[in-house]
Structure formats: C-alpha cells, structure tokens
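First to last, the protein sequences are chains A and B.
Throughout the first sequence, residue numbering follows this note's numbering, covering 45 to 402 in sequence.
Throughout the second sequence, residue numbering follows this note's numbering, covering 12 to 276 in sequence.
Some notes on the structure that comes next.
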Amino acid sequence: MNDGKANAPAHAPAMIELRGLTKDYGHGRGVFDLTLEVPEGQVCGFLGANGAGKTVTMRTLMGFIRAGRGSARIAGLDCYRDRARIQRDVGYLPGEVACPAGMTGWEFLRFMARLKGLRGETTMRALIDRFELDPSARIGRMSKGTKQKVALVCAFMGRPRVLLLDEPTSGFDPLIQERFVDLVREERERGATVLLSSHIFPEVERTCDRVAFVRAGRLAGVESMDEVRGARRRVYGIVFADAGECARYRAAHMRSPHVVAAVRGDAEARAADGGAVRVGSSGPGLRAGAHGTSGVGLEATVVGDVGGFIADLAGYRVVDLTTREQTLEETFLHIYDGATAGRTAGHAGRANGKETRR
Amino acid sequence: MNPTLLLHDLRRILPMWTALTAVTAAYIAVVVAMYDPRANEGLDALVATMPELFAAFGMDGASATLSGFMVDYLYGFLLVLLPMVMVVAAVHGTLIRPIETGSMAYLLASPHSRRTIAGSALASVVASSAAMAVAVSVTEAVCVAVRAPGDVALADIAAMNLGLLALWLSMAGVCALSACAIGNASAALWTGAGLCAAQFLIRMLAQADDGMDVLRCATALTLFDPEGLAAGEGPAVCGAVALAVAGAAMCVAAVEVFRRRDLSL
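Here's what the structure looks like:
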C-alpha cells in the first residue's frame with residue numbers, strides 16, 4: 045500500500061496538497077490524518093463509498109470548512125486562509141447541485157461569469173453546445189441531469205488551473221458521461237489539475253491517472269490507474285441445477301487456507317447485514333471467493349485465468365451464469381488484501397456509507 | 012461589497028419589497044385620510060371604550076394634530092411591523108436560504124472574500140430598508156399635502172423616518188447575526204424574527220398597563236421616539252443614533268461570524 049506522498053511523481057510540484065488533514069465530526073464521521081498530493085497536470089480520482097469523507101475533503105479544499113488538524117493547500121496557498129485568492133484558479137462542481145432555483149440557466153451562468161470576472165462567453169457557449177444544454181429554462185424546473193450540466197458548465201467555463209469535481213456525472217446519461225470523460229481528458233491535455241471524487245468506478249477508470257482510495261475518512265492508499273485495472277476482477281453469478289450441486293461446488297472450493305480465512309471474514313459480514321454468506325474457492329488457474337444468497341446460486345470472484353474457472357465449472361450442472369464488474373469496495377479489498385483485508389473484511393458487508401472507523 | 016452580488020441580492024428582495032411597500036403605502040394613505048380634527052371627539056370616545064387595547068398599539072387617542080395622529084396610528088404599529096417582515100424576509104432570502112439550499116457554494120466558489128459576500132447581502136438589506144423609508148416619506152408627504160397641506164413639515168417627516176430607518180437597521184442587525192451565527196436554517200430564521208417580534212410584544216405590554224411600564228427598559232423600541240425626533244429633542248436623536256449604531260455593530264459582527272464559520276455546502 046502506498047501513501048499519497050509516496051506516489052506523487054518527484055518531477056512535478058504538488059498543485060493540491062493535503063497533509064495530515066483531519067476534520068472530526070464525531071461518531072467516526074469526517075476525515076482523519078489524510079495526506080495526499082496531486083501534481084500539476086494530473087487527474088486524480090478520489091474514491092470511496094458514500095460517507096467515506098470525499099465531500100468533507102472537497103469542502104476543505106474549497107475553504108468552506110476549516111481543517112481541525114493538518115493542512116490543505118492549493119498551489120501552495122492555504123485553502124482556508126487564502127480561499128478567495130485560490131478561487132481565481134479553481135473550478136468547483138459540488139456533489140449536490142443547488143443552483144438558485146429562481147434563475148434561468150442563462151441568468152445563473154452569466155451571473156457567475158461576471159462574479160468570476162470572465163470576459164466573453166466563448167467557452168461557456170462551447171460547453172453549452174457540447175453538452176446540449178438548454179439554459180433558457182428556470183433552474184428550478186430543470187431535471188437533475190440538466191441542473192448538473194449547468195453546474196458543470198459553471199465549473200469549466202473559466203478554464204481553471206484546478207478542478208475539484210465532486211461526483212460530477214451522477215445525473216448524466218451514458219452519452220453525456222462520455223462527453224464528460226472527453227472534456228476531462230482535454231482539460232488534462234491543457235494542463236489542468238483535477239481531483240475527481242466519485243464512487244463510480246468506470247468514470248474514474250477512464251479519466252484518471254491515479255486513484256486515491258479513502259475509507260472511513262482515512263486514506264487507504266494511492267495507486268496508478270494501471271495498477272487498479274490490473275487488480276480488478278470479475279464476479280460471476282452461478283446458478284446450479286439444484287442445491288446439492290451448489291453445495292458440492294461450495295465444498296470443493298473450500299479446501300485451501302486462503303478460503304478458510306475468507307469464510308471467517310464473511311461470517312462478520314453476515315452478522316452485519318443478515319444477508320450473504322461467502323465461501324472462498326481456489327483451484328488451478330484461478331482464485332475465487334464466492335458468496336450465495338440461496339441454496340442453488342452463488343457468486344464467484346475470479347482473478348487470473350478465466351478459462352480455468354470455466355473449465356472447472358464444466359464439471360458441475362450449471363443452469364445460468366452471469367457476470368458483473370467488481371464493485372469499488374470489492375476492488376479496494378483485493379488491492380489491499382492481506383493485513384488490510386483481514387481488518388476490513390467485516391466492513392465489506394456494510395456497504396453504502398455504513399462504514400465505521402478502523 | 013461587490014456590485015454584481017449587490018444587484019443579485021437586490022433582485023431577490025425586490026418582489027417582496029414591492030408588495031410590502033405597496034401595502035405600507037396604502038395603509039399610510041388610509042390613515043392620513045382618516046384624520047379629521049372635527050371627528051376627533053368620536054375617535055377619542057372609541058379609544059376610551061378599550062383604552063388598554065389601543066394603548067398597546069401606541070394609540071392613546073389624544074392626538075390633536077396630524078403629526079400626533081400619524082405617530083399614534085402609523086409609527087406605533089404598522090411602520091414597525093410591516094418593515095420588520097420585510098427585513099426578516101430579506102435576510103432570509105440573501106443569507107439563510109442560500110446556505111440552506113446550498114446555492115451559497117457558488118458564491119463562495121467565486122474569487123470574493125466571505126466578507127464581501129456577506130457584506131453585499133447585508134448592504135442589499137440596508138439599501139432596501141432605506142428605499143422603503145424613502146417610499147414611506149414620499150407617500151406621507153403626498154398624503155399630507157393632499158389631506159392637510161402644511162400640517163406636517165417635510166423636515167418632521169424626514170426626521171421621524173430617519174429614526175424609523177435606524178429602528179429597522181437594528182432589526183436587520185438582529186436577524187443578520189442570528190442568520191450567521193446559527194447553523195440550523197429554521198432556528199436562524201425564527202430566532203431573528205422572534206427576537207424582533209418579542210421587542211414589539213414587550214412594548215405592547217408596557218403600553219397596555221402602567222404597572223408594566225418597567226418593561227419599556229427591556230425593548231429597543233423604547234429608543235424610537237418619533238414625536239421627539241420631529242421636535243428635534245436630544246434624547247430622541249440619541250436613541251435613534253443608538254439604534255443605528257447597534258444595528259451596524261450587529262451587522263459587522265454577523266459578517267465576522269460568517270467569515271469564520273464552517274459552511275458544509
């Protein structure tokens with residue numbers, strides 16, 4: 045596992061710099077001892093489940109809230125003390141879009157352009173065209189996606205040096221998400237530094253150079269996107285012909301010490317959510333963790349040779365096989381396997397912001 | 012203060028300002044039209060039937076002049092209450108609601124200090140109050156000119172309404188301070204509005220019963236003495252200045268609190 049500093053390329057100065065950032069809201073909420081550097085010109089994903097501390101970090105970087113301990117700096121300036129000065133170079137897309145409902149999109153964008161001291165509307169209009177935005181309606185009557193487009197145009201129209209994007213595509217359809225990805229790539233080419241907070245893996249995967257994982261308010265690690273891609277696995281949902289066949293598969297893949305450890309971990313998960321029981325499996329050419337919610341079906345997480353997994357599966361009576369991408373949580377657990385996974389396996393079942401501090 | 016922000020905030024206040032100013036002007040016209048020295052005996056008889064109730068609203072029925080009549084029937088009640096609603100709504104629209112809805116995030120994401128942002132919001136509240144005072148003065152001057160030309164000097168109207176503006180500024184200060192100091196939007200709104208309303212209610216109690224006269228010391232409204240201002244009396248002028256200074260001090264404190272507070276937007 046790497047910390048934020050260790051992963052920062054030595055040749056580029058840090059544009060965004062968090063050092064021991066702590067903001068404690070009690071009951072494990074907030075961020076704790078967060079250290080991260082984003083060099084100039086880099087797009088850094090900031091990943092974590094809901095409630096992991098992403099938005100708190102963004103707000104601290106924007107100077108909305110004061111760090112309890114540690115520091116947050118952009119371009120060497122303190123984010124709280126020098127917040128007005130920093131805003132000249134920052135474009136911000138809040139997680140919750142709350143543009144004034146009584147204004148039309150045009151009124152809001154022109155108001156913000158005046159407020160930011162922007163001259164001309166060339167970039168604004170180009171972004172409006174690009175995202176097929178109709179800014180003539182009142183914002184209060186716009187759909188969530190359209191409001192998100194207004195906020196996005198507002199964040200990008202000043203061509204800032206730093207972009208802080210808090211879950212930027214949550215309201216977009218796939219086509220607009222695609223255009224957003226292209227836009228972020230262009231901004232990177234232009235030299236902008238981007239911190240993109242998200243819990244949507246594909247969005248981060250296609251835009252970011254590096255990715256920082258935050259969990260329960262603490263930085264779990266920073267990896268290059270290539271490393272994350274390499275560690276990512278697929279999850280297969282297997283439905284067997286009957287419960288006996290399912291039990292046979294389960295028993296056959298519970299023989300290794302690795303599997304036993306997985307079962308222990310997941311016993312905690314079941315206690316937490318009352319749902320899934322996982323079993324682990326291991327065999328030639330594959331390593332799999334599986335969990336099922338009924339007597340005839342289970343899910344297997346496969347790494348390495350998928351052919352080996354399928355060949356192994358051919359020995360069983362299978363009636364259905366589906367596949368899905370690993371969730372961020374699962375990817376995270378695999379990347380930080382071993383000691384970290386052992387500590388956090390109990391949390392894995394408590395998805396969607398129900399995490400507790402380690 | 013930033014002109015773009017100021018105009019933006021003034022636009023927010025304008026619809027409600029227009030409605031309340033129109034209602035206030037209509038009331039002024041009706042009250043001035045009701046003034047008839049020959050019918051004063053009848054009005055006094057009416058007041059005598061429920062003296063405590065009328066006194067609570069500052070109407071003692073003893074006004075022999077149009078100036079006194081206006082003080083009794085306008086400055087004791089309508090010109091305090093209606094502008095108070097305007098001030099509370101203006102502070103709500105420019106400070107409390109943007110924080111509550113999160114739209115304040117966009118203002119804070121601009122290269123302007125919090126002092127500028129909050130200062131512009133409060134400047135819009137002060138400007139709308141001043142505009143209302145001007146509208147009240149003009150309406151009164153026109154109504155007096157039509158109903159009883161020469162009965163009330165323009166200087167007297169101006170003096171009374173300057174004092175009135177000082178009273179409104181003190182209310183704006185209370186509302187602004189509660190808006191900036193209290194994190195919960197509803198609590199911020201009702202604390203400010205409640206404190207202003209409480210001042211008014213305390214004065215009503217003090218006026219309704221001589222035994223509760225001591226309550227005059229518990230309300231800032233006591234510092235507002237329109238008759239004294241019209242007469243140019245020193246204590247009345249000092250009271251108005253004290254209200255204005257208190258309002259300004261609370262606005263400055265509100266800006267400082269806003270500058271330092273965490274805003275989870």
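Each residue gets a CB set at the ideal place from its N, CA and C atoms; glycine is no exception.
All values reported here derive from a predicted model rather than from experimental measurement.
query                                                                                                                                                                          : result
Distance check for residue 297 of chain A and residue 308 of chain A, CA to CA, integer angstroms please.                                                                      : Bear in mind that the predicted position of residue 308 of chain A carries a pLDDT of just 31, short of 50, making it too unreliable to give a figure here.
Would you say residue 146 of chain A lies against chain B (beta-carbon separation less than 9 Å)?                                                                              : yes
How many whole angstroms separate the CB atoms of residue 208 of chain A and residue 105 of chain A, which I take to be in contact at a CB cut-off of 8 Å?                     : 6 Å
For the stretch 88-115 of chain A, which residues have a CB atom closer than 9 Å to at least one CB atom of chain D, in sequence order?                                        : In summary, chain D is missing from the structure at hand, where the protein chains are A and B.
Only counting the same chain, and skipping five residues up and downstream in sequence, which positions put a Cβ closer than 8 Å to that of residue 148 of chain A?            : 179, 180, 181, 182, 183
Measure the beta-carbon distance from residue 231 of chain B to residue 181 of chain B and round it to whole angstroms, keeping in mind my assumption that it falls under 8 Å. : 6 Å
Tell me where the alpha helix (DSSP H) around residue 60 of chain A begins and ends.                                                                                           : Note, residue 60 of chain A: premise wrong, no alpha helix (DSSP H); beta strand (DSSP E) at 58-70.
Let me know if residue 193 of chain A comes out buried or exposed under the rule of 16 or more other beta-carbons within 10 Å of its beta-carbon.                              : buried
In three-state terms, what does DSSP make of residue 326 of chain A?                                                                                                           : A caution first: residue 326 of chain A carries a pLDDT of 35, below 50, which makes its placement in the model unreliable, though a value can still be read off. Looking at residue 326 of chain A - three-state DSSP - the assignment turns out to be strand.
Check for me: the beta strand (DSSP E) holding residue 210 of chain A runs from which residue to which?                                                                        : 206-210
Between which two residues does the beta strand (DSSP E) containing residue 154 of chain A stretch?                                                                            : It is not in any beta strand (DSSP E) - residue 154 of chain A instead sits in the alpha helix (DSSP H) that spans 149-159.
How many Å lie between residue 135 of chain A and residue 205 of chain A at the Cα?                                                                                            : 8 Å
In this structure, does DSSP put residue 279 of chain B in helix, strand or coil?                                                                                              : Because chain B here runs from 12 to 276, residue 279 of chain B falls outside it and cannot be looked at.
Does the CB of residue 277 of chain A have a neighbour CB from chain B at under 9 Å?                                                                                           : no
Please report the residue range of the beta strand (DSSP E) in which residue 356 of chain A lies.                                                                              : Element bounds for residue 356 of chain A: not the beta strand (DSSP E) but the alpha helix (DSSP H), 350-357.
Could you name the residues of chain B that residue 57 of chain A contacts, counting a contact when the two beta carbons are closer than 9 Å?                                  : Result: empty, since nearest Cβ-Cβ is about 22 Å, beyond 9 Å.
Do residue 164 of chain A and residue 114 of chain A come within 9 Å of each other at the CB atom, strictly closer than that value?                                            : no
Under 7 Å between beta-carbons, which chain A residues line up against residue 19 of chain B? List them in chain order, please.                                                : 155
List the residues of chain B whose Cβ lies closer than 7 Å to the Cβ of residue 128 of chain A, in chain order.                                                                : 122, 123, 124
If you compare alpha carbons, which of A:247, A:253, A:174, A:278 is closest to residue 210 of chain A?                                                                        : A:247
Give the single residue among B:63, B:126, B:118, B:46 whose Cα lies nearest to the Cα of residue 12 of chain B.                                                               : B:126
For residue 195 of chain B, does the count of other Cβ atoms within 10 angstroms reach 16, so buried, or fall short, so exposed?                                               : exposed
Look at the alpha carbon of residue 110 of chain A and the alpha carbon of residue 129 of chain A, and state the distance between them as a whole number of angstroms.         : 16 Å
When the Cα atoms are used, what is the spatial distance from residue 64 of chain B to residue 241 of chain B?                                                                 : 26 Å
Name the DSSP beta bridge partners of residue 46 of chain B, please?                                                                                                           : In the DSSP output, where bridge partners are listed per residue, residue 46 of chain B has none listed.
CB-CB under 6 Å to residue 101 of chain A, same chain, minus the five flanking residues each way: which ones, in chain order?                                                  : 75
Is it a yes or a no for the stretch 215-224 of chain B touching the stretch 120-137 of chain B, going by three-plus beta-carbon pairs under 8 Å?                               : no
Starting from residue 88 of chain A, trace the alpha helix (DSSP H) in both directions and tell me its first and last residue.                                                 : Careful: residue 88 of chain A lies outside any alpha helix (DSSP H), inside the beta strand (DSSP E) at 87-91.
Closer than 8 Å by beta-carbon distance: list the chain B residues that pair up with residue 161 of chain A, in chain order.                                                   : 122
If distances are taken between C-alpha atoms only, which option among A:356, A:88, A:188, A:255 comes closest to residue 275 of chain A?                                       : A:255
I need the straight-line Cα distance from residue 276 of chain B to residue 102 of chain B, nearest angstrom please.                                                           : 19 Å
With distances taken from CA atoms, which of A:143, A:61, A:107 is nearest residue 124 of chain A?                                                                             : A:107
Nearest to residue 174 of chain B by alpha carbon, out of B:148, B:161, B:187?                                                                                                 : B:148
Quick one: which chain B residues come within Cβ less than 9 Å of residue 138 of chain A?                                                                                      : 113, 116, 117, 120, 276
9 Å is my cut-off, CB to CB: does residue 152 of chain A come that close to chain B?                                                                                           : yes
Between the C-alpha atoms of residue 329 of chain A and residue 140 of chain A, what's the straight-line distance to the nearest angstrom?                                     : Any answer about residue 329 of chain A is weak, because its pLDDT of 34 lies below 50 and its placement is not dependable; what the coordinates show is given next. Approximately 45 Å between the Cα atoms of the pair.
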